[in-house]
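> Input: one structure, supplied below.
2 protein chains.
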Amino acid sequence: MNPFRTRPNPITDDGDGDGFSFCGNCAFAGVCHAEGYDKPALKELHCLVQHVGPYHAGTLLFREGDPFNAIAAVRSGMVKTFRVDAAGREQVLGFFLLGEIIGLDAIHNGRFPCNAVALDTVSLCRFSFPMMATLATRMPGLQTQLFRLLSQDINKAAAMAGDFSADERMAAFVLSISRRFANHGFSPNRFALSMSRTDIGNYLRLAAETVSRVMRRFQNEGLLHVDRREFEILDMARLQQLALPLLRE
Amino acid sequence: MNPFRTRPNPITDDGDGDGFSFCGNCAFAGVCHAEGYDKPALKELHCLVQHVGPYHAGTLLFREGDPFNAIAAVRSGMVKTFRVDAAGREQVLGFFLLGEIIGLDAIHNGRFPCNAVALDTVSLCRFSFPMMATLATRMPGLQTQLFRLLSQDINKAAAMAGDFSADERMAAFVLSISRRFANHGFSPNRFALSMSRTDIGNYLRLAAETVSRVMRRFQNEGLLHVDRREFEILDMARLQQLALPLLRE
DNA sequence: CGTTCTTTTGATAGCTCTCAAGTCGCGTGG
DNA sequence: CCACGCGACTTGAGAGCTATCAAAAGAACG
Chain A
14 MNPFRTRPNP ITDDGDGDGF SFCGNCAFAG VCHAEGYDKP ALKELHCLVQ HVGPYHAGTL
74 LFREGDPFNA IAAVRSGMVK TFRVDAAGRE QVLGFFLLGE IIGLDAIHNG RFPCNAVALD
134 TVSLCRFSFP MMATLATRMP GLQTQLFRLL SQDINKAAAM AGDFSADERM AAFVLSISRR
194 FANHGFSPNR FALSMSRTDI GNYLRLAAET VSRVMRRFQN EGLLHVDRRE FEILDMARLQ
254 QLALPLLRE
Chain B
14 MNPFRTRPNP ITDDGDGDGF SFCGNCAFAG VCHAEGYDKP ALKELHCLVQ HVGPYHAGTL
74 LFREGDPFNA IAAVRSGMVK TFRVDAAGRE QVLGFFLLGE IIGLDAIHNG RFPCNAVALD
134 TVSLCRFSFP MMATLATRMP GLQTQLFRLL SQDINKAAAM AGDFSADERM AAFVLSISRR
194 FANHGFSPNR FALSMSRTDI GNYLRLAAET VSRVMRRFQN EGLLHVDRRE FEILDMARLQ
254 QLALPLLRE
């Protein structure tokens, strides 16, 4: 049920004859390059990776309160993490794209503070966190990268906590997705999202109707073109200007 | 100027004949107890501590963009971290009380993403972060605690990012302060804050006037008594109920 | 080709902000 | 000791942004 608890598959090669190739997209790629692919420690890092999935859209990857054993990097697809409050309203904490790390917020209590669901077909790289922490002891670069990733998530969460207008939030959201796609060699101007308007709204703390209205206005003003869940950015500069209060990197 | 960059004082005993006594309030206290006070590694941890301060109210401890060298634990007083956006509006990221760790959000970029100011007379324990990371390599308990503290800050920031009413935010704020004081043996029902209404508003993403109005209503409803900056909680249960959507620990 | 979910669009209400004025506390100086 | 002045805080009135409610249009699914 919970792929973070089980060990469904042994490590499998991606089938392209190079077991390391997929790693170029991973948040730990920098560690690998810094250490050099030939070091024994790096082999250990790869040894504790488990490829899990694919999971189809809607699969619950873990549930709030589940014991925390592992973090995971997205190998393909998109993941949404969220909580449901007593009133039944859903709070989306984050969307996770290729290479991004899920589960860092679970370290604190040893339990996941949120649920995670696959938004489309998702494959993950699962890292046992106790093993990773032990390895980080002998691999300072890995420790540093873990600290950085954790620290980065603090900043991401803090950015969302500011009080910004619907326009600012929407612009920042579209830009953030654009940049994260671009980081992996995809077009920064055209991309498809897997989440619903409701998901976007719950993430941005806006009603789904407001998301729809802001998008409409952005289209009317020539900022972007939206066709269902496919986005095209038409005026990157103005989007950046709008998102300025919210984005800083 | 920036106490996080300089080394004003060598370690000094608190004057009570026990150099470790102040540590009971520190976020790293758990590490010390777990490791045992006699271990050499623990001595090293204490060796990299620098007592800095006191700083008087209003002193800028670091500034957005300053290079990051060290984290710090609050030894006495209260600290506010904040950013100022292009429009000149101040966003308060956090208030730091006795024993709480400042600067974890700076690891990511190697620069402080925010400013920090003393709200009253403040003393700190400064920890060189590079040295601490190195030490964490030989001291798994310290590494674990650092991971935990970072992860905790993600959750704190995420909690602030939800869309909650002014009442919920205010109740959660008062309760949070109360609990943090209580953790150090102070009364959970009576405490004095060092920050202004404006600071509270900028932290809770509310106008200062709204903070004032909510407090007035809380007083009228018998939830608490407020005299200038002194607070007394009169109905803990109802406050907790109000804060429920926001607080979870 | 109907069913269902998502998305859009419109009308209205509500929460909080903004602007403005007044009050209070406190330090300064007469 | 008291008057003054400044900053913090409170209180009120009105506006604005976004949420909510409602309904229709559109895509996806079998």
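Residue numbers (our numbering), protein chains in the order written: chain A, 14 to 262; chain B, 14 to 262. Heads up, the beta-carbon is just placed ideally off N, CA and C, and yes, glycines get one too.
1) Mind listing the chain A neighbours of methionine 228(B)? Cutoff is C-beta to C-beta under 9 angstroms, in chain order.
2) Pick helix, strand or coil for leucine 74(A), following the three-state DSSP scheme.
3) Residues in the same chain with beta-carbon distance under 6 angstroms from asparagine 128(A), minus the five sequence neighbours each way, listed in chain order, please.
4) DSSP has glycine 107(B) in a bridge; who is on the other side?
5) Which partner residues of phenylalanine 244(A) appear in the DSSP bridge assignment?
6) Is leucine 106(B) near alanine 179(A), with beta carbons less than 8 angstroms apart?
7) Mind checking if isoleucine 213(A) is an interface residue toward chain B, Cβ cutoff 8 angstroms exclusive?
8) When you compare the CB of phenylalanine 75(A) with every CB in chain B, is at least one pair closer than 8 angstroms?
9) Would you give the residue range spanned by the alpha helix (DSSP H) that isoleucine 190(A) belongs to?
10) With a 10 Å radius around its C-beta and 16 neighbouring C-beta atoms as the bar for buried, classify alanine 83(A) as buried or exposed.
11) Is it a yes or a no for the stretch 133-149 of chain A touching the stretch 60-73 of chain A, going by three-plus beta-carbon pairs under 8 angstroms?
12) Would you say arginine 218(A) faces chain B, with C-beta separation under 8 angstroms as the test?
13) Output the distance between the C-alpha atoms of phenylalanine 117(A) and serine 164(B), rounded to the nearest integer angstrom.
14) Can you tell me which of the three DSSP states phenylalanine 140(A) falls into?
15) Look up alanine 129(A) in the DSSP assignment and give the residues it is bridged to.
16) Distance, Cα to Cα, leucine 247(B) vs arginine 203(B)?
17) As a quick exercise: from Asp79(A), Leu255(A) and Ser189(A), pick the residue whose alpha carbon is nearest that of asparagine 15(A).
18) Would leucine 260(A) pass as an interface residue toward chain B - the criterion being a Cβ-Cβ separation below 8 angstroms?
19) Between the C-alpha atoms of glutamine 253(A) and glycine 235(A), what's the straight-line distance to the nearest angstrom?
20) Could you list the residues in the stretch 64-98 of chain A with a C-beta less than 8 angstroms from some C-beta on chain B, going in chain order?
21) Buried or exposed: where does aspartate 166(A) fall if 16 or more other Cβ atoms within 10 Å of its Cβ makes it buried?
22) In this structure, what does DSSP give as the bridge partners for proline 80(A)?
The structure says:
1) Your numbering for residue 228(B) matches position 215 in the second sequence. Here the premise fails: no neighbours, minimum Cβ distance about 19 angstroms.
2) Along the first sequence, read from residue 1 onward, the residue named residue 74(A) stands at position 61. Secondary structure of leucine 74(A) (DSSP, three-state): strand.
3) Position 115 of the first sequence, counted from the first residue, corresponds to residue 128(A). Answer for asparagine 128(A): Arg76, Glu77 and Phe95, listed in chain order.
4) Residue 107(B) sits at position 94 when you count from the first residue of the second sequence. Answer is Thr94(B), bridged to glycine 107(B).
5) Indexing the first sequence from 1 puts residue 244(A) at position 231. Its beta-bridge partners are Phe204(A) and Val239(A).
6) Taking the second sequence and counting its residues from 1, the one referred to as residue 106(B) is at position 93. Taking the first sequence and counting its residues from 1, the one referred to as residue 179(A) is at position 166. Contact flag unset, no.
7) The residue you call residue 213(A) lines up with position 200 of the first sequence. Output row for isoleucine 213(A): interface = no.
8) The residue labelled residue 75(A) in the question sits at position 62 within the first sequence. Judged by the 8 angstroms Cβ criterion, phenylalanine 75(A) is not in contact with chain B.
9) The residue you call residue 190(A) lines up with position 177 of the first sequence. Run containing isoleucine 190(A): 179-195, per the alpha helix (DSSP H) assignment.
10) Reading the first sequence from its first residue, position 70 is the one you call residue 83(A). Its Cβ being crowded by 16 or more others within 10 Å, alanine 83(A) is buried.
11) Yes, they touch.
12) Working through the first sequence from its first residue, we reach residue 218(A) at position 205. The beta carbon of arginine 218(A) falls within 8 angstroms of a beta carbon belonging to chain B, placing the residue at that interface.
13) Along the first sequence, read from residue 1 onward, the residue named residue 117(A) stands at position 104. Along the second sequence, read from residue 1 onward, the residue named residue 164(B) stands at position 151. This sequence places leucine at residue 117(A); phenylalanine is not what is there. In a straight line, the C-alpha of leucine 117(A) is about 6 angstroms away from that of serine 164(B).
14) Taking the first residue of the first sequence as position 1, residue 140(A) is located at position 127. Strand at phenylalanine 140(A).
15) In the first sequence, the residue the question calls residue 129(A) occupies position 116. BP columns for alanine 129(A) point to Phe75(A) and Thr94(A).
16) In the second sequence, residue 247(B) corresponds to position 234, counting from 1. In the second sequence, residue 203(B) corresponds to position 190, counting from 1. If you take the alpha carbons of leucine 247(B) and arginine 203(B), they lie about 9 angstroms apart.
17) Residue numbering aside, residue 15(A) sits at position 2 when the first sequence is read from its first letter. The residue with the shortest Cα to Cα distance from asparagine 15(A) is Asp79(A).
18) The sequence position of residue 260(A) within the first sequence is 247, counting from 1. False, the Cβ-Cβ gap to chain B never drops below 8 angstroms.
19) Position 240 of the first sequence, counted from the start, is the residue given in the question as residue 253(A). Position 222 of the first sequence, counted from the start, is the residue given in the question as residue 235(A). Between glutamine 253(A) and glycine 235(A), the C-alpha separation is close to 14 angstroms.
20) Taking 8 angstroms as the Cβ-Cβ cut-off against chain B, the residues of the stretch 64-98 of chain A that qualify are Asp98.
21) Against the first sequence, residue 166(A) aligns to sequence position 153. Aspartate 166(A) is classed as buried because its beta carbon has at least 16 other beta carbons within 10 Å across all chains shown.
22) Numbered from 1 along the first sequence, position 67 holds the residue referred to as residue 80(A). DSSP, once it has assigned bridges, lists Arg124(A) as partnering proline 80(A).
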